[in-house]
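One structure below.
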Amino acid sequence: MPKRLSFAAPVDFSFRYTIFSHGWSSLAPFERDAENLRLNYVFGSDIAGNSAAVQISENAGTINVEIDDENADEAKIIAAVRHILRLDDDLSAFYRLVKKEKSLAWIAREKAGRLLRSPTVYEDLVKTICTTNCSWSLTEKMVTNLVEKLGEPAASGKRAFPTAERMASVSAEFYRTEIRAGYRSPYFAELAEAVAAGKIQPENWLDAAVSTAELKKEMKKIKGVGDYAAENLLKLVGSYEGLALDSWVRAQFYKKHNGENVCEDREIREFYNRFGAWRGLVLWCDMTEKWFD
DNA sequence: GCGTCCAGGTCTACC
DNA sequence: GGTAGACCTGGACGC
Numbered sequence: 001m002p003k004r005l006s007f008a009a010p011v012d013f014s015f016r017y018t019i020f021s022h023g024w025s026s027l028a029p030f031e032r033d034a035e036n037l038r039l040n041y042v043f044g045s046d047i048a049g050n051s052a053a054v055q056i057s058e059n060a061g062t063i064n065v066e067i068d069d070e071n072a073d074e075a076k077i078i079a080a081v082r083h084i085l086r087l088d089d090d091l092s093a094f095y096r097l098v099k100k101e102k103s104l105a106w107i108a109r110e111k112a113g114r115l116l117r118s119p120t121v122y123e124d125l126v127k128t129i130c131t132t133n134c135s136w137s138l139t140e141k142m143v144t145n146l147v148e149k150l151g152e153p154a155a156s157g158k159r160a161f162p163t164a165e166r167m168a169s170v171s172a173e174f175y176r177t178e179i180r181a182g183y184r185s186p187y188f189a190e191l192a193e194a195v196a197a198g199k200i201q202p203e204n205w206l207d208a209a210v211s212t213a214e215l216k217k218e219m220k221k222i223k224g225v226g227d228y229a230a231e232n233l234l235k236l237v238g239s240y241e242g243l244a245l246d247s248w249v250r251a252q253f254y255k256k257h258n259g260e261n262v263c264e265d266r267e268i269r270e271f272y273n274r275f276g277a278w279r280g281l282v283l284w285c286d287m288t289e290k291w292f293d
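Residue numbers are given in our numbering: position 53 of the first sequence equals residue 53, and the series is strictly consecutive.
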């Protein structure tokens, strides 16, 4: 029997701007239903007690979650949904900042800025590595392969994102031939093993006691994580000082602020420096404004 | 059909 | 610390 849960969203929350905040909602086990404005996800038993597929929607400030498995742990699922949608993030200082500039005031007006994330930092870490040095379609393919070939099935047959333990149980060769991860294959095997053994603890990054610079340094020790990947992950754990510049962001900046002319990254950084600790989030919202037209 | 380029970069060797 | 070259994959493009 499916089970339904409901709880209130914060007043400065937009479901639409959150689920479409970046590409994550098109990466398995997320599924987005743009027409009906719904977000689907599959939790593994590590998150929800039992593996469970959920459908998340919003109506007049209430978040609704429909679960396909009545044995799933309600409290854990609510906590995970709050985490995914960033419901407990305090963006009030960010909104005060963007309201000061006419061209950015829409961000506060539309309640944008909550970047969708996975229930675990480990999942976001693996997915971020999948975004590097390839087309978005290849990123989607690699992530789909990980879920389809290694993920735990829910009652509906849909699969969850694999745990580090599950990912550590297969070889680098598996990542090359089955996941099509190319040169990233040994990185995934090494990372999964280290996380499964507790040598790397990505979940601790959520409330790390160290500075952002120190945290970034720690992230970059992982093979496959460079400046872009670390700064993207920092955004997903709540630090927005880094810009996470990649080829797509650069191209958008040239188009929007530099007359289609290529410029150095230094100039992009100078442009957003006035936003201090929020500069990475301001840049991302600024670059994606047209997505919501 | 084939070759080349490049995409939501990073690593390593070398200076 | 800065830089050149290599690295998987697969879609787009030109021929």
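Glycine is no exception: its CB is placed at the ideal position from the N, C-alpha and C atoms.
All values reported here derive from a predicted model rather than from experimental measurement.
Can you round the beta-carbon distance between tryptophan 291 and phenylalanine 20 to whole angstroms, since I take them to be within the 8 Å contact cut?
Taking the first residue of the first sequence as 1, we reach residue 291 at position 291. Taking the first residue of the first sequence as 1, we reach residue 20 at position 20. Contact holds; Cβ gap of about 6 Å.
At what residues does the alpha helix (DSSP H) containing isoleucine 84 begin and finish?
Working through the first sequence from its first residue, we reach residue 84 at position 84. 74–84 is the extent of the alpha helix (DSSP H) around isoleucine 84.
Cβ-based neighbour list, glutamate 70, same chain, cut-off 6 Å, excluding 5 preceding and 5 following
Here residue 70 refers to the residue found at position 70 when the first sequence is read from its first residue. Cβ within range, chain order: Met1, Lys3.
Under the three-state reduction of DSSP, which class applies to glutamine 252: helix, strand or coil?
Here residue 252 is taken as the residue at index 252 of the first sequence, counted from 1. Here glutamine 252 sits in helix by DSSP.
If you reduce the DSSP assignment to three classes, tell me which class arginine 274 lands in.
For the purposes of this step, residue 274 is taken as the residue at position 274 of the first sequence. Of the three classes helix, strand and coil, the one that applies to arginine 274 here is helix, per DSSP.
Supposed close pair isoleucine 47, alanine 80 - CB separation, criterion 8 Å:
For the purposes of this step, residue 47 is identified with residue 47 of the first sequence, where counting begins at 1. For the purposes of this step, residue 80 is identified with residue 80 of the first sequence, where counting begins at 1. With 8 Å as the limit, isoleucine 47 and alanine 80 qualify as a contact, their Cβ atoms being about 5 Å apart.
Just list the residues that DSSP pairs lysine 3 with in beta bridges.
As a position in the first sequence, residue 3 is number 3, starting the count at 1. Answer is Ile67.
Extent of the continuous beta strand (DSSP E) run through aspartate 33:
In the first sequence, counting from the first residue as 1, residue 33 sits at position 33. 31–33 is the extent of the beta strand (DSSP E) around aspartate 33.
Report the CB separation of glutamate 231 from glycine 242 in whole angstroms; it is logged as a contact under 8 Å.
Position 231 of the first sequence, counting from 1, holds the residue named residue 231. Position 242 of the first sequence, counting from 1, holds the residue named residue 242. With a Cβ gap of about 3 Å, glutamate 231 and glycine 242 count as contacting.
Which residue's Cα is closest to the Cα of phenylalanine 94: Arg279, Leu146, Ser14?
The sequence position of residue 94 within the first sequence is 94, counting from 1. Minimum Cα distance to phenylalanine 94 is reached at Arg279.
Taking the straight line between their C-alpha atoms, what separation do you get for alanine 72 and proline 153?
Locating residue 72 in the first sequence gives position 72, where the first residue counts as 1. Locating residue 153 in the first sequence gives position 153, where the first residue counts as 1. Taking the straight line joining both Cα atoms gives about 13 Å.
C-alpha distance - leucine 97 paired with phenylalanine 275, whole-angstrom precision
One-based indexing of the first sequence puts residue 97 at position 97. One-based indexing of the first sequence puts residue 275 at position 275. Cα-Cα distance, rounded: 7 Å.
Which residues DSSP lists as bridging glutamine 55, in chain order:
As a position in the first sequence, residue 55 is number 55, starting the count at 1. Asn40, Glu66, per the DSSP bridge assignment.
Can you find the residues in the same chain that come closer than 6 Å, C-beta to C-beta, to glutamate 203, ignoring five residues on each side of it along the sequence?
Taking the first residue of the first sequence as position 1, residue 203 is located at position 203. Closer than 6 Å at Cβ, skipping near neighbours: Val121.
Proximal residues to glutamate 148 (C-beta, below 7 Å), its chain only, five neighbours per side dropped:
Counting from one through the first sequence, the residue named residue 148 turns up at place 148. Around glutamate 148: Arg159.
How far does the alpha helix (DSSP H) with tryptophan 106 in it extend, from its first residue to its last?
As a working mapping, residue 106 is identified with position 106 in the first sequence. 105–110 is the extent of the alpha helix (DSSP H) around tryptophan 106.
What do you get for valine 296, buried or exposed, if any count of 16 or more other CB atoms within 10 angstroms of its CB means buried?
The shown model of the chain, from 1 to 293, leaves out residue 296, and the question about it has no answer.
Distance, Cα to Cα, valine 143 vs alanine 181?
Working through the first sequence from its first residue, we reach residue 143 at position 143. Working through the first sequence from its first residue, we reach residue 181 at position 181. Cα to Cα, valine 143 sits roughly 9 Å from alanine 181.
Applying the 10 Å Cβ sphere with the 16-neighbour rule, what's the burial state of tyrosine 183?
What you label residue 183 is simply residue 183 of the first sequence in a count that begins at 1. Its Cβ having fewer than 16 others within 10 Å, tyrosine 183 is exposed.
By the three-class DSSP mapping on this structure, what secondary structure does proline 162 have?
Locating residue 162 in the first sequence gives position 162, where the first residue counts as 1. Coil, per DSSP.
Alanine 60 to asparagine 50, Cα distance in whole Å?
In the first sequence, residue 60 corresponds to position 60, counting from 1. In the first sequence, residue 50 corresponds to position 50, counting from 1. Going from the Cα of alanine 60 to the Cα of asparagine 50 covers about 30 Å.
Quick check on DSSP: helix, strand or coil for asparagine 229?
Working through the first sequence from its first residue, we reach residue 229 at position 229. It should be noted that the sequence gives alanine, not asparagine, for residue 229. Note: alanine 229 maps to helix in three-state DSSP.
Residues sharing a beta bridge with alanine 8, DSSP
If you number the first sequence from 1, residue 8 lands on position 8. Answer is Thr62, bridged to alanine 8.
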